[in-house]
Amino acid sequence: MINQQLLNPKSIVVIGGSNNVHKPGGSIVRNIINGGFDGPLHIVNPKEDEVQGIKAYHDVKDIPETDLAVLVVAAKFCPDYVDYLCAEKGVRAFVIISAGFGEETKAGAALEQRILDTCKKFGAALIGPNCIGLLNRNHHSVFTLPIPNLNPQGVDFVSGSGATAVFILESAVIKGLQFNSVWSIGNGKQIGIEDVLQYMDEHFNAETDSKVKLLYIENISNPDKLLFHASSLIRKGCRIAAIKAGSSESGSRAASSHTGAIASSDSAVEALFRKAGIVRCFSREELTTVGCIFTLPELKGKNFAIVTHAGGPGVMLTDALSKGGLNVPSLTSDVSDEIKAAAEELKSKLFPGSSVANPIDFLATGTAEQLGMVIDYCENKFDNIDAIAVIYGTPGLTQLYEAYDVLDQKIKECKKPIFPVLPSLHTAGPEVAEFLKRGHVNFSDEVTLATALSQIMRTPKPAPPEVQLYGIDLPRLYKIISSVTDNGYVSPQTVRDILSCAGIPLVPEMVSTSKDELIAFAENVGYPVVAKVVGPIHKSDVGGVALNIRTPEHLALEFDRMMKIKDATGVMVQKMMKGTELFIGAKYENRFGHVILCGLGGIFVEVLKDVSSGLAPLSYDEAYSMIHSLKGYKILKGTRGQKGINEQKFAEIIVRLSTLLRFAIEIKEMDINPLLADENDVVAVDARILIEK
81 MINQQLLNPK SIVVIGGSNN VHKPGGSIVR NIINGGFDGP LHIVNPKEDE
131 VQGIKAYHDV KDIPETDLAV LVVAAKFCPD YVDYLCAEKG VRAFVIISAG
181 FGEETKAGAA LEQRILDTCK KFGAALIGPN CIGLLNRNHH SVFTLPIPNL
231 NPQGVDFVSG SGATAVFILE SAVIKGLQFN SVWSIGNGKQ IGIEDVLQYM
281 DEHFNAETDS KVKLLYIENI SNPDKLLFHA SSLIRKGCRI AAIKAGSSES
331 GSRAASSHTG AIASSDSAVE ALFRKAGIVR CFSREELTTV GCIFTLPELK
381 GKNFAIVTHA GGPGVMLTDA LSKGGLNVPS LTSDVSDEIK AAAEELKSKL
431 FPGSSVANPI DFLATGTAEQ LGMVIDYCEN KFDNIDAIAV IYGTPGLTQL
481 YEAYDVLDQK IKECKKPIFP VLPSLHTAGP EVAEFLKRGH VNFSDEVTLA
531 TALSQIMRTP KPAPPEVQLY GIDLPRLYKI ISSVTDNGYV SPQTVRDILS
581 CAGIPLVPEM VSTSKDELIA FAENVGYPVV AKVVGPIHKS DVGGVALNIR
631 TPEHLALEFD RMMKIKDATG VMVQKMMKGT ELFIGAKYEN RFGHVILCGL
681 GGIFVEVLKD VSSGLAPLSY DEAYSMIHSL KGYKILKGTR GQKGINEQKF
731 AEIIVRLSTL LRFAIEIKEM DINPLLADEN DVVAVDARIL IEK
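Counting from 81, one number per residue, gives the positions in the sequence shown under the numbering used here.
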């Protein structure tokens with residue numbers, strides 16, 4: 081629970097505060113004092129009479145009643161302090177810095193549980209243990225540096241790791257990113273990241289609250305809660321970006337040893353973030369860069385003008401934007417006569433040798449006045465431009481203060497977002513610092529900026545919370561599943577029955593132990609056909625697949641051969657079809673539900689791992705987002721004279737399958753591989769389903 085005693089305490093006590101600012105107990109007192117906390121601050125230290133100019137109490141029994149207690153003592157002492165402070169001193173909020181709890185040993189976990197039970201009994205809020213603390217505009221109860229600039233419209237940052245929070249703050253501060261609050265939840269025994277988002281969502285005020293949330297997550301303990309409140313905040317106008325660490329097997333082990341985090345598969349995390357509308361980041365630099373982008377006016381299109389006095393960075397930014405699906409359109413060719421004329425007019429006002437093709441390179445000798453002029457043309461005369469990136473470092477020939485004054489003015493005036501790339505942090509440190517003091521951000525690396533922009537543009541809006549049935553035959557589905565008596569992979573006929581409940585098109589097929597029946601079926605649907613052994617799970621590995629069978633004699637030979645394969649229970653014959661091979665899969669993840677995977681079939685799944693993931697049930701927008709994010713999407717659109725697939729029907733199958741699985745948690749795994757697709761149809765050819773009740 082989060083309460084006012086935690087967020088805005090009238091008084092604070094630091095248990096273990098000291099004069100040594102190089103230790104947590106001293107540094108947290110220093111930060112609270114320097115942060116301007118205006119209420120009574122009490123210190124408990126059995127050996128000191130005064131701590132950093134404040135009277136110290138030798139015994140906790142001597143302090144007055146207090147709202148918030150910050151504990152910086154050994155773990156073994158913390159439960160007794162919490163018991164006493166709750167019962168005798170009216171404390172209703174705790175920040176426990178100390179480590180040595182559930183992240184280390186079972187005995188530590190028992191201490192942690194005792195603290196939690198006491199807080200629950202008295203209705204007290206608990207941050208930690210094993211954290212750096214809580215920082216907001218009311219109190220700086222953290223023991224670390226840096227302390228960023230704080231303002232109401234700054235970023236709310238929530239981290240599951242204290243040290244990582246510090247590193248992310250350092251990355252943010254040099255970019256000029258400002259903060260409203262920093263939450264280090266540590267082990268998150270009572271208040272986890274989901275709980276912080278819930279509080280922010282339920283108490284959100286669009287007029288006064290920050291609209292940017294950054295998250296560093298090691299453990300998603302309640303995916304539904306995270307999804308609900310993150311998507312709710314985004315619908316209210318917020319923007320959220322997050323790192324989820326520990327998704328790989330090795331990373332999971334590292335996260336577990338750090339905070340006892342429970343692993344979540346990478347596909348489940350990707351699916352959850354996609355459904356919520358959270359921008360997924362993979363590094364501290366990327367997260368803080370996305371945070372800086374979020375503070376600027378929202379990008380409404382994909383077309384960038386690059387304004388620079390240094391050709392190389394402009395070329396690199398052009399490459400990076402193009403690779404990420406954004407555009408750097410020409411201003412001198414394949415454009416309207418008005419844009420061409422404006423470009424020529426601009427060029428005439430710049431020094432000889434300047435280029436206005438885009439990037440607009442006005443040379444190292446270009447002046448601050450020319451910088452402002454170029455930005456004005458991008459804002460007012462180039463209507464094929466949606467945003468402006470300005471790369472301006474130290475040319476050694478002009479005064480940067482003057483140029484940055486112009487940039488400051490244009491950022492405030494222009495409706496199109498301007499992304500300042502000021503790379504000269506060493507040679508122009510004072511000038512950049514002065515620019516940041518005016519409330520701006522700086523993207524010192526153009527490629528990192530492009531990567532972050534691309535990730536933002538690829539992130540869909542939150543999915544609608546309502547579940548649409550899309551004609552799924554639920555009564556029949558429940559009847560089929562209830563008729564399955566044994567756990568395991570179900571028969572081919574049961575697979576077809578389940579898929580038909582979702583209206584998924586199926587290739588004509590027959591399963592039988594009768595050679596004559598299968599030959600009659602093949603003659604009825606028409607050759608060529610495919611024969612597959614029934615029984616072994618991996619048919620290809622045991623030679624259980626035969627393609628392009630064109631005669632009854634060939635089919636008879638393949639039937640005889642396959643029935644001799646170990647564990648064979650029959651043979652399946654299908655009409656052989658042509659098309660692009662696609663893949664849809666699903667796996668039930670504890671706490672998340674069904675994760676749906678889609679991609680191109682064959683080598684693209686098995687070798688290249690080119691798949692996208694979504695969390696059931698999926699909307700059509702989510703399905704299209706999954707399809708478009710595939711590396712092989714150009715193949716689906718059609719390439720080298722080949723027609724593209726029917727993308728609408730592929731998306732429809734993804735949506736219908738995800739809806740079916742939303743109501744069938746007994747299905748633990750499902751693979752449809754391949755589906756064959758052309759410009760007209762998408763048809764399921766082979767599938768397997770694992771049911772566990």
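All C-beta atoms, glycine included, are put in the ideal place defined by N, C-alpha and C.
query                                                                                                                                                                           : result
Taking only the alpha-carbon atoms, compute the straight-line gap between Ala-448 and Asn-229 and give it to the nearest angstrom.                                              : 29 Å
Once you ignore the five residues that flank Gly-96 on each side, which residues in its own chain have a CB closer than 6 Å to its CB?                                          : Gly-105, Val-152 and Val-153
Let's test the definition: count the other Cβ atoms within 10 Å of the Cβ of Gly-551 and tell me whether it reaches 16, buried, or not, exposed.                                : exposed
From this set, Glu-772, Ser-738 and Ile-733, which residue's C-alpha is nearest Pro-754's C-alpha?                                                                              : Ile-733
Could you have a look at Ser-178 and say whether DSSP puts it in helix, strand or coil?                                                                                         : coil
Leaving aside the five residues before and after Glu-128 along the sequence, list all residues of the same chain whose C-beta is less than 6 Å from its C-beta, in chain order. : Ala-136
For Met-750, which residues does DSSP report across the bridge?                                                                                                                 : Ala-666 and Ile-769
Assuming the contact rule is C-beta atoms closer than 8 Å, Ala-696 and Ile-561 should be a hit. Round their C-beta distance to whole Å, please.                                 : Ala-696 to Ile-561, Cβ: 16 Å. No contact.
Could you tell me which residues DSSP pairs with Pro-825 in its beta bridges?                                                                                                   : The shown model of the chain, from 81 to 773, leaves out residue 825, and the question about it has no answer.
Under a Cβ-count criterion, where at least 16 other Cβ atoms within 10 Å of its own Cβ denotes burial, should Ile-617 be classed as buried or exposed?                          : exposed
Along the chain, where does the beta strand (DSSP E) containing Ser-580 start, and where does it finish?                                                                        : Careful: Ser-580 lies outside any beta strand (DSSP E), inside the alpha helix (DSSP H) at 572–581.
Just reading off the beta strand (DSSP E) that Ile-254 is part of, what are its end residues?                                                                                   : Premise fails: Ile-254 is in no beta strand (DSSP E) and is neither H nor E.
For Ile-342, which residues in the same chain have their Cβ closer than 6 Å to its Cβ, ignoring the five residues on either side in sequence?                                   : A caution first: Ile-342 carries a pLDDT of 43, below 50, which makes its placement in the model unreliable, though a value can still be read off. The answer, listed in chain order, is Asn-299.
With H, G and I counted as helix, E and B as strand and the rest as coil, what does DSSP make of Cys-494?                                                                       : coil
Please give the ranges of any beta strand (DSSP E) in the segment 384–446, keeping only runs that are unbroken, at least 3 residues long and fully inside the region.           : 384–388
Less than 7 Å separating the beta-carbons of Gly-213 and Ser-221?                                                                                                               : yes
Give me the residue from Phe-523, Gln-722 and Ile-113 with the minimum Cα distance to Cys-372.                                                                                  : Phe-523
For Arg-360, write down the residues that DSSP places opposite it in a beta bridge.                                                                                             : Ala-322
Rounded to the nearest angstrom, what separates Gly-623 and Ile-273 at their Cα positions?                                                                                      : 50 Å
With DSSP run on the structure shown, which of helix, strand or coil describes Val-512?                                                                                         : helix
What separation, rounded to the nearest whole angstrom, lies between the Cα atoms of Phe-237 and Thr-375?                                                                       : 14 Å
Take Ser-264 as the anchor and find which of Ala-286, Asn-210 and Glu-184 has the nearest alpha-carbon.                                                                         : Asn-210
Just to confirm, is the Cβ distance from Glu-53 to Lys-723 under 7 Å?                                                                                                           : Residue 53 lies beyond the stretch modelled for the chain, which goes from 81 to 773, so this question has no answer here.
Return helix, strand or coil for Phe-730, following the three-state DSSP convention.                                                                                            : helix
With distance defined between alpha-carbon atoms, name the residue in Glu-424, Gly-405 and Glu-746 nearest to Lys-559.                                                          : Glu-746
Give the secondary structure of Phe-308 by DSSP, where H, G and I count as helix, E and B as strand, and everything else as coil.                                               : helix
Report the rounded CA-to-CA distance for Thr-528 versus Val-564, giving the unit in angstroms.                                                                                  : 52 Å
Looking at C-beta atoms only, is the number of pairs between the segment 138–149 and the segment 81–100 that lie closer than 8 Å three or more?                                 : yes
Helix, strand or coil for Val-349, going by three-state DSSP, please let me know.                                                                                               : helix
Considering only the beta carbon of each residue, do Phe-663 and Val-651 sit closer than 7 Å?                                                                                   : no
Between Thr-368, Pro-232 and Ser-416, which lies nearest to Ser-239 when the distance is taken from Cα to Cα?                                                                   : Thr-368
Check the C-beta distance from Val-124 over to Arg-110 and give it rounded, since I have them as a contact under 8 Å.                                                           : Not quite, the Cβ-Cβ distance comes to about 16 Å (not below 8 Å), so this is no contact.
Using C-beta distances below 7 Å, list every residue in its chain close to His-219, excluding the 5 sequence neighbours before and after it, in chain order.                    : Pro-89, Ile-92, Ile-112, Gly-115 and Phe-117
To test your reading of the DSSP string, which unbroken alpha helix (DSSP H) runs of 4 or more residues are found completely within the segment 585–623?                        : 595–605
Which partner residues of Glu-378 appear in the DSSP bridge assignment?                                                                                                         : Per DSSP, none; premise fails for Glu-378.
Can you tell which of Leu-443, Phe-174, Ala-467 and Ala-155 has its C-alpha closest to the C-alpha of Met-81?                                                                   : Phe-174
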